[in-house]
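Q:
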Amino acid sequence: MTLELADGILGWCAVVLCLIWLVPTYIIYQRYFHPLAKFPGEFAASITDFKKASYFWSLSIDKKILSLHEKYGPVVRIAPNELSFWDPEALSAIFKSGGRAMVKSSFFDGFTTFDPNLFGNRNEEIHALRRRQMAHSFSTASLISMEEIFDRHVMQMREKLDRYAKSGEKLNLKKIIAFYAYDVLGELAFDTQFESQAKDDESNLPPINDHIFLGCLYGSLPSLLPYSMKLSGFLPIPWLQTLNRSRQSIRNTVARCVSTMFGETLENDEKKSNTLLSQLMKAKDPETGKKLTVTEISSEAFGFLVAGSHTTSGTLTLLFYHLLHDSEIYSQVVEEMRRELPLLEQGAYPYTGLEAKLPYTTACMRENFRHTPVFTMPLTRQVMSQGGTVIAGTEVPAGTNVSITNHALHHNPSIWGPDCDEYKPSRWLTDGYAKENLKYLMPFGAGHRMCIGRNIAMANMLKVVTVVLRNYELEAVDKDEPLKVVTVGIGEKEGPLWCRIKKMSC
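Quick look at the structure:
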């Protein structure tokens with residue numbers, strides 16, 4: 000044996016011995032000496048972030064987190080440095096009173112494309128500035144000025160529904176809603192006609208699921224950021240290449256829309272002044288007069304595209320599923336609408352005052368938010384206080400990531416009762432129930448990070464629900480079809496929603 004070969008063998012032996020010593024030492028530390036060692040959870044979750052990534056990979060992280068809390072209790076360690084809370088009192092501590100002492104974690108870095116946008120920005124000062132700059136664009140006054148855009152695309156949807164009603168063919172309501180939501184978003188945000196309803200081609204829809212899934216996988220592995228995002232495009236892994244191409248496709252769509260808008264003179268174009276993008280281009284910080292840069296505008300526009308259409312269509316599809324698979328609930332909704340709303344030959348109902356007229360319909364929408372929330376990823380924050388903090392009576396060390404998952408919170412029997420797994424709109428009509436429990440309903444997040452577009456989303460959904468259920472009779476093709484929700488961090492009904500439709504005569 001040569002001296003060089005012997006040295007090589009000895010070197011490898013040293014590496015192996017070092018690993019044999021380091022790996023058990025690391026595991027023992029994580030399990031018994033780490034600041035979070037006292038908290039229960041799965042073994043793998045205490046030693047590697049890949050366990051949390053596997054929850055996303057399962058496409059059922061919502062049910063997985065709930066099952067962990069049912070097994071281990073109100074506080075569960077779901078990653079080496081992350082605790083998931085189930086206690087309703089944790090909601091206020093994490094999202095409403097935390098402020099700069101409880102900032103968004105590095106999980107949200109996984110969603111960055113241009114620059115961090117309002118959804119993913121971890122800098123509290125920049126986030127506050129951006130909300131001031133964008134506040135007018137999402138105000139009630141702006142919403143009213145945008146209403147004609149909703150109505151125009153509702154009319155297109157109605158034309159398609161009329162054709163199905165006349166032919167008697169079954170229709171995939173999930174697909175029709177997705178096309179509508181994307182077209183509304185295109186004009187509302189960019190003054191662009193995506194024409195999804197006219198093309199009737201699902202390949203025209205942006206691959207938003209891929210972008211969300213990629214962001215959740217990146218974000219679940221914080222020790223690999225930002226290198227994972229920079230290098231993953233070069234790895235010869237087919238599924239990873241597909242996800243990266245999908246993200247780039249959405250990025251290209253946004254960049255094209257922004258470039259087009261910047262190439263036009265907005266000041267003299269009243270029509271375009273109603274779009275979210277044009278208002279962003281004009282937006283100023285009321286305190287400093289500062290405007291957004293092109294990159295900042297592109298980042299926020301990316302957020303419009305991802306959040307504005309996909310969550311709306313997913314929520315509406317699930318709502319229609321619940322209504323069409325319970326004849327009693329469906330009948331009560333239709334009866335309420337017949338009392339309060341006239342038949343419309345075309346267009347949609349004005350949004351102002353609509354919710355107040357329809358308490359049972361509103362209860363159905365709230366129960367859909369509760370029972371089947373589409374935003375299923377853990378809403379993760381990082382404890383910034385040097386001495387740590389106390390959350391729902393639990394001492395949490397500084398630097399710890401803490402989270403609450405909508406689905407788990409919305410299925411906590413200590414809040415909602417033993418029938419929490421049942422879709423039951425009437426619970427919201429019980430005296431005092433809504434006042435007491437609305438604070439635990441968080442379809443749009445909570446606290447100062449609550450979704451800035453929630454009013455637009457609610458208006459959009461109410462318009463669709465009222466037009467469809469007041470002017471058409473719907474029937475599920477398979478009334479016994481079980482509901483299965485799949486989620487990449489944002490959930491949706493698996494498969495189509497087949498139904499038949501007829502026009503109402505009175």
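Residue numbers for the sequence shown follow the working numbering, beginning at 0 and rising by one. Think of the CB as a built atom: it goes at the ideal place given N, C-alpha and C, for glycine as much as any other residue.
Under 7 Å Cβ to Cβ from Thr-371, same chain only, skipping five residues before and after it: list those, please.
A: Leu-317 and Val-484
Q: Is the distance from the Cβ of Ala-458 to the Cβ of Tyr-329 below 8 Å?
A: Their beta carbons are not under 8 Å apart, which means Ala-458 does not touch Tyr-329 by this criterion.
Q: Spatial neighbours of Gly-302 within its chain, please: C-beta separation below 7 Å, excluding the five flanking residues on both sides.
A: Asn-116, Leu-117 and Phe-118
Q: Could you check which residue in Pro-358, Ala-397 and Thr-311 has the C-alpha nearest to that of Met-383?
A: Ala-397
Q: Give the DSSP-derived three-state secondary structure of Met-364 in the structure shown.
A: helix
Q: On the three-pair Cβ rule with 8 Å, is the region 225-232 touching the region 154-162?
A: No, the region 225-232 is not in contact with the region 154-162.
Q: Could you give the residue range of the alpha helix (DSSP H) that holds Lys-413?
A: Residue 413 is actually Ser in this sequence, not Lys. Here the alpha helix (DSSP H) through Ser-413 covers 412-415.
Q: DSSP three-state label for Arg-121, please.
A: coil
Q: What runs of the beta strand (DSSP E), each 3 residues or longer, lie entirely inside the region 98-166?
A: Within the region 98-166, the complete beta strand (DSSP E) segments at least 3 residues long are 101-103, listed from N- to C-terminus.
Q: Measuring only the C-alpha atoms, how far is Glu-286 from Phe-374?
A: 33 Å
Q: Between His-321, Ser-222, Leu-275 and Gly-386, which has its C-alpha nearest Ile-148's C-alpha?
A: Leu-275
Q: Determine the DSSP secondary structure at Ile-77, reduced to helix, strand or coil.
A: strand
Q: Can you tell me where the beta strand (DSSP E) with Arg-380 in it begins and where it stops?
A: Annotation for Arg-380: the continuous beta strand (DSSP E) segment containing it runs 378-382.
Q: Kindly identify the DSSP beta-bridge partner or partners of Trp-506.
A: Since the first residue shown for the chain is 0 and the last is 505, residue 506 is missing from the structure and cannot be characterised.
Q: How many whole angstroms separate the CB atoms of Ala-282 and Lys-290, which I take to be in contact at a CB cut-off of 8 Å?
A: Contact holds; Cβ gap of about 7 Å.
Q: Since Glu-394 sits in a beta bridge, which residues does DSSP pair it with?
A: Val-389
Q: Let me confirm a value: Arg-246 is counted as buried when at least 16 other C-beta atoms fall within 10 Å, else exposed. Which label applies?
A: It counts as buried.
Q: Could you spell out the range, first to last residue, of the alpha helix (DSSP H) harbouring Asn-400?
A: Not the alpha helix (DSSP H): Asn-400 falls in the beta strand (DSSP E), residues 400-403.
Q: Could you give the first and the last residue of the continuous beta strand (DSSP E) run that contains Thr-486?
A: 484-486
Q: What do you reckon, are the CB atoms on Phe-368 and Leu-279 nearer than 8 Å?
A: Pairing Phe-368 with Leu-279 gives a Cβ-Cβ distance that is not under 8 Å.
Q: Please determine if the region 419-431 and the region 71-90 are in contact, where contact requires at least 3 C-beta pairs separated by less than 8 Å.
A: With the cut-off at 8 Å, the region 419-431 and the region 71-90 do not touch.
Q: Let's test the definition: count the other Cβ atoms within 10 Å of the Cβ of Glu-366 and tell me whether it reaches 16, buried, or not, exposed.
A: buried
Q: Exposed or buried, Lys-270, counting other C-beta atoms within 10 Å across all chains shown (16 or more means buried)?
A: Unreliable placement is indicated for Lys-270, whose pLDDT of 48 sits below 50; the coordinate value is still reported in the next sentence. Classification of Lys-270: exposed, given that the 10 Å Cβ count is below 16.
Q: Just mark Ala-188 as buried or exposed, buried being the case when its beta carbon has 16 or more other beta carbons within 10 Å.
A: buried
Q: Can you name, in chain order, every residue of its own chain whose Cβ lies under 6 Å from the Cβ of Glu-81, other than the five neighbours on each side?
A: Excluding residues within five positions, the ones whose Cβ falls inside 6 Å are Asn-400.
Q: Would you mind sorting Leu-184 into buried or exposed? The rule is 16 or more other CB atoms within 10 Å of its CB.
A: buried
Q: Pull up the distance between the alpha-carbon of Glu-354 and that of Glu-146, whole angstroms please.
A: For Glu-354 and Glu-146, the gap between their C-alpha atoms comes out near 15 Å.
Q: In chain order, what residues of the same chain lie with their CB nearer than 7 Å to the CB of Pro-495, ignoring the 5 residues before and after it?
A: Cβ contact annotation for Pro-495 (same chain, cutoff 7 Å, sequence separation greater than five): Asn-171, Lys-173 and Lys-174, in chain order.
Q: May I have the straight-line CA-CA distance separating Glu-335 from Gly-109, to the nearest angstrom?
A: Cα-Cα distance, rounded: 44 Å.
Q: Provide the residue(s) that pair with Tyr-471 in DSSP beta bridges, ordered along the chain.
A: Lys-502
Q: Can you tell which of Leu-239, Tyr-31 and Ser-91 has the C-alpha that lies nearest to the C-alpha of Gly-446?
A: Nearest option by C-alpha distance: Ser-91.
Q: Can you give the Cα-Cα distance for Leu-58 and Thr-486, rounded to whole angstroms?
A: The straight-line gap from Cα to Cα measures roughly 5 Å.
Q: Determine the DSSP secondary structure at Asp-86, reduced to helix, strand or coil.
A: Residue state for Asp-86 is assigned as coil, using DSSP reduced to three classes.
Q: Do you know whose CA, among Leu-160, Ser-166 and Pro-34, lies nearest Asp-511's CA?
A: A query on residue 511 cannot be resolved here, the shown segment of the chain reaching from 0 to 505 and no further.
Q: Skipping 5 residues on each side, what residues in its chain have a beta carbon closer than 6 Å to that of Ala-507?
A: The question about residue 507 has no answer, for the chain in this structure spans 0 to 505.
Q: Any idea which residues DSSP pairs Asn-171 with across the strands?
A: Trp-497
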